[in-house]
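Trainee: Please read through the structure below; I'll follow up with questions.
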Amino acid sequence: SIDNGFQIFGETLNLIGKIPLEQKLDPSCREELVSEIIKLTDLDNIPEITNKVSKSYSENLLLASLKFINEFNSNIEDWGINKLNSFMGIFLFDQYVDSIKHLATFVEKEKNNLNEEIIIILFENCITYLSKMNFKQLETVFETLTAVTPNVSSELLYKLSLSKKSLSQQFLETLLTKGLTNAKDSNIYDKEFWSLITHILELDIEVGIKHCELLMDLIFDQHQGHYQQTNIIWKKLITCYINAREFTKFLELWENYCIKNVAKTNLFLKDAHMADFISRNLVSLSVSQWIQLLSSMKSKITDSAASDLEILVLEVILQGLKQLSFSVLPQLKDTLNSIYNIEDTKFSMWRSRYLLMEVYDNVISQEQLDNISTQSFQKATKNDEVSRDLFYYYFKLREYKEFDLEPVIKLFISYIGDKEQDSIRGSILKDIFVNWSSLINSEFDKESLKTLIDYLIEDSNIDILEVLFNNDDFFEESNIIFQLVSKLSEKFENDIAVLYLSNIPIQCFNKNTRIELINKISSKTHATSNDKNIILHLLQYPTFKSSIEHDISKLYNFSFVNSEEYPVKNDVFEKVWSNHLSQIKDESSSTFIKNSINFILQGVNENDRFFTMTFLILINSPEQLVDELKTVFFKRAALIISDTADLKLKSSLMRYIYSILKVGHFEIEETVSKSLLKNIQSLQNADMDNIDLPLLSNSFLLYCTLYSDKIEWLFAHYLVMRSYGIESDTILPGVKYVLLKRTKSKNDEFNSCFTNVISSLASTKSEYTEGVLELYNTLIAAIDVGNSEASILFAKSISVFFTQIEEYLDFRNVILQVLNSIQELLIAKSWLFSQYTIELLFPICIRLNQAFTKVKANNDDIYISTNKVISNILLVHRIKLSNRNHLLNNLFCSQLEFLSRDISNGLSFDSAKSLSRTITNYCEPSNIVTKSSTKNSLGSNISLIKKSLRKDIPILLVKFIHLSITKPFEVNIRKELISCIYSIFDILSSNELNLVNAILDNSGRQYFKTLYADYNKLGKWRED
């Protein structure tokens, strides 16, 4: 029966949910089980949905479905969850059943089992399946659900806003007033409250407009305690008026509200963030609205009964001029000129005039310019309270006319230093340095400039430098930069100051400053990374006079004494050393190098820290210069490795010796070599479960440089190392070193190794399989052009790789490395690829994508790599595919299918972009594929390839159309693919187009017609 079917299905879903976490079913198994239960219960074939059926569904299956969806819902498409959601639409929201009654009964019965997540899922389905115009039903559901869990109200409204559906205005008003009242009574303004208000304003702009003053009261009362939330409400409120095209009404209400509530003007008029949102949205006004608004403001300002509030309103409005387009501004100029020229107002107009001068270059008349003088400034400061707007106005005037700025500068320095300006000093500094750095550089005297720089580099203001340094022109202001470098250098103990110094171009530091700064920083007891960076920065232009550049002991103390590790790099030391090497013929550098080597020869026997410095010198110096040092280093290092119990030191010394020998121009004495080998072999007796892995890694690398037996044995060592968890990136370079050194002229040895690795690849998966793949990847990259047998082995290895693909799927990164190697070999060593090998790469690419898209992870990397392989085949080996278009068509059809299925394949528009490029290359043969040297022959060959394509490529177009109808591509994926489809159209004649049309069914023909029309309109090449 239907009741039994619902009950069986519900109990099955509950059972799946109870499976322990470690035994959870994977998505594909879960989908299969859900599908089988649906078939068993035959729920897809219920002939009629009645209230009885709906009631049974609510009692037996609804809760289980909601719990299942909640537990297994994710961003990945899930057929089972989609099916459960569709059942909800069928059995609970059918037009002939009383959905609201069944929902109310269900909620009342199961309210103890309904958490917030389940309620949200249920409401989302209500939104989906209830009619868009049926406000009352949604409101009833909303009230029913929020009665169980009141805190979920805001989240339900959010889901509603995403759906573009709404509730009635009256209902939302009730929610708003109730929410405000409850918050005021309980004095609880939590996250839920602010979310509720926000979502109500998003759902119905009329609610915001109707209750604007009430919301402004809320914003004012709660602004200090809930700054971020009230700013959001303010923006939403203004957006309500903008969307209703009633922004001018808001401006009027805002002004009147401030007049009635003078105490609140500090927030709504003077707060930068609140005012700025109004200013930025004035761009929504029309020209006529602007003129009307500005004319009204002028009348209010010149009115004898006006207050300074009107000036503040005007300033907020004028701030919005910067957002207007250049086509609008000229139409407002006459009105704004009249505002600029207001003289008889009792209020200061400095800021308003400055804002107008920022927008219009010629807003000030010549007559007004002629009257500008030092006396006019002195008169202005007597009549008006001094403010930053006054100084900004005169700094701006200085751009129009040359006059004595000294009194302005003098008063400005006094003004900015006043304690009353502590809170806004940073803002003023940012404004003047951003807008008038050239003026400051040329007009401010030395002492005034020093004062400004002192303020600028205070801890509270120093981050302004980040803004200034983003403009390269700032570094051209020589006086500012000189003082800035000097003042920051005085704060060399401050890590932030040092950081900003390193961002100043080296050309801005004179030699004496560089010497002094290097000496100061290198004398620090504990140098930070910023200290080392600034010294490295300064050493770009070596001085050869600083302490670390002429005294090796000080360089040693700075670079190594406080180091807790044994690094393989030290940028400061290497920079100083390379600077001296570059001018070794100079007596001072020659002396420094000799003294350094003698210093190390004396110290290496006494202090282990000298090993690092010795190592860096050896790998950065010519052999003849450091021959004695090399001998001493190898002997001393071998002795320490034998005797020390310090594993970190032992490991580092092994790494150093390996790196030195790898450079290639150093030889090691046989006695030292034997001693090192003996120490490495002694590790075999160690407890391998507790051995230090860095020591093991470095011992293997050193072993590689000393190794002389069969390479296969070394490979075996490598595999064992990998089984201990050592990363391939750490030890594989040692194997590559041996291969390069030993097999360059010994093909037999190389081929023997290759044969054994291929045999291992063909074996059953084991703990060593990943390591074998890594060795294989290393070998194929090392095949030499003269080794013909290796070419045959390479073809065999590709065949084995194809056969064993399923065994390698756990080793994604190595497979990507192999694919990347094949990509490179297709171009760099094209002689490796026979006809057979090329053709085998196609099924390899298909099988890899088939295998990995089942995993449902992000598979862009695999998919794109396979496309690159095919692209390189088309680029270099097209001649081998002259009658093999079916291979390419088969592959491209498969690639399209992988993109079309659903997002669970883990493929994004990046994958689509790579396929589109590859198919375009297929349709547009490259010149490189032809071997002819003449222009006519080249054109002929390309024409032949295109002619051959015309016969075969229609099937690809048919496949695209079929998939677009049956399994539509995502919008962004289709957008990427469409360019390659246009490339297909480019080579088809009317015959092939007719063939495609004949193959398709009715829906396919209609789609084809639309696609071809788009091609003619957008994709077809036109000379115009």
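The sequence shown runs 243 to 1266 under the working numbering. Beta carbons are placed, not taken as given, at the ideal position from N, Cα and C, and that holds for glycine.
1. For L409 and L443, what's the separation of their Cα atoms in angstroms?
2. Counting Cβ pairs closer than 8 Å, one from the stretch 841-848 and one from the stretch 799-812, do we hit at least three?
3. Report all residues from its chain with a CB closer than 7 Å to the CB of A1154; omit the five preceding and five following residues, and keep chain order.
4. Three-state secondary structure (DSSP) at T770?
5. At a cut of 8 Å, does the stretch 482-496 reach the stretch 467-474 through at least three beta carbon pairs?
6. Taking the alpha-carbon of E1044 as reference, which of V1060, L255, S1033 and V1238 has the nearest alpha-carbon?
7. Run through the stretch 680-711 for me and flag every whole alpha helix (DSSP H) of 4 or more residues, listed as ranges in chain order.
8. Please classify A880 as buried or exposed, where buried requires at least 16 neighbouring CB atoms within 10 angstroms.
9. Below 8 Å on the Cβ atoms is my guess for L560 versus L597; work out the distance and round it to an integer in Å.
10. So, helix, strand or coil for H515, using DSSP?
11. Looking only at its chain, what residues have a beta carbon closer than 8 Å to the beta carbon of V709, apart from the 5 residues adjacent to it on each side?
12. List, from N- to C-terminal side, the alpha helix (DSSP H) runs of 4 residues or more that fit wholly inside the stretch 1017-1090.
13. Tell me whether the beta-carbon of C1267 lies closer than 8 Å to the beta-carbon of I1112.
14. Assuming V868 is part of the alpha helix (DSSP H), what are its boundary residues?
15. Taking 8 Å as the limit between beta carbons, can you name the residues of its chain near L398, skipping five residues before and five after?
16. Can you tell me which of the three DSSP states T985 falls into?
17. When we look at the beta-carbon of V650 and count the other beta-carbons within 10 Å, is it buried (16 or more) or exposed?
18. Identify the continuous alpha helix (DSSP H) that holds S270 and give its terminal residues.
19. My assumption, with CB atoms under 8 Å, is that F228 sits in contact with I910. Please give the rounded CB distance.
20. Residues in the same chain with beta-carbon distance under 6 Å from Q749, minus the five sequence neighbours each way, listed in chain order, please.
21. Buried or exposed for R487, please, with buried defined as at least 16 other CB atoms from any protein chain shown within 10 angstroms of its CB.
22. Taking A1037 and T1079 to be in contact with their CB atoms under 8 Å, please state how far apart those CB atoms are, rounded to whole angstroms.
23. Using only CA atoms, which one of Y1105, D1152 and K351 lies nearest to L1133?
24. When the distance is taken between beta carbons, is W678 closer than 8 Å to Y635?
25. Take S744 as the anchor and find which of E718, S720 and K774 has the nearest alpha-carbon.
26. Tell me where the alpha helix (DSSP H) around H570 begins and ends.
27. Who are the Cβ neighbours of E358 in its own chain at under 6 Å, not counting the five residues just before and after it?
28. Touch check for the stretch 320-340 and the stretch 269-282: three-plus C-beta pairs under 8 Å?
29. Where does G467 sit, in a helix, a strand or coil, going by DSSP?
30. For T292 versus V339, is the C-beta spacing smaller than 8 Å?
31. Quick check: the stretch 879-894 against the stretch 915-927, are at least 3 beta-carbon pairs closer than 8 Å?
32. Among L925, K988, N498 and S405, which one has its Cα closest to the Cα of Y371?
33. Helix, strand or coil: how does DSSP classify G259 here?
34. Confirm, please, whether the CB-CB distance from I543 to I584 is below 8 Å.
35. Beta-carbon within less than 6 Å of T209's beta-carbon, same chain only, minus the 5 sequence neighbours each way: which residues are those?
Mentor: On the basis of the coordinates in this document:
1. 12 Å
2. no
3. Here the set comprises L1141, I1215, E1218 and L1219.
4. coil
5. no
6. Here residue 1044 is Phe; the residue named in the question, Glu, does not match the sequence. Of the candidates V1060, L255, S1033 and V1238, the one whose C-alpha sits nearest the C-alpha of F1044 is V1060.
7. 688-698 and 706-711
8. buried
9. 4 Å
10. helix
11. K672 and V676
12. 1030-1045 and 1054-1070
13. Shown here, the chain extends from 243 to 1266; a query on residue 1267 therefore has no answer.
14. Taken as a continuous stretch (DSSP letters only), V868 belongs to no alpha helix (DSSP H), as it is neither H nor E.
15. I361, I362, F365, F384, L387 and T388
16. coil
17. Flag for V650 reads buried.
18. For S270, the enclosing alpha helix (DSSP H) has its first and last residue at P269 to T283.
19. A question about residue 228 goes unanswered here, because the residues of the chain that appear run from 243 up to 1266.
20. none
21. If you draw a 10 Å sphere on the C-beta of R487, you find fewer than 16 other C-beta atoms in it, and that means exposed.
22. Confirmed, Cβ separation roughly 5 Å.
23. Y1105
24. no
25. K774
26. For the sequence presented, residue 570 should be read as Val rather than His. Per DSSP, V570 belongs to no alpha helix (DSSP H) and is neither H nor E.
27. The beta carbon of E358 is closer than 6 Å to those of T391 and V394 in its chain, skipping five residues each way along the sequence.
28. yes
29. Assignment of G467 by DSSP, reduced to helix, strand and coil, places it in the coil class.
30. Yes, they are a contact pair.
31. Short answer: they touch.
32. S405
33. Looking at G259 - three-state DSSP - the assignment turns out to be helix.
34. yes
35. One cannot answer for residue 209 here, as it falls past the ends of the chain, which runs 243 to 1266.
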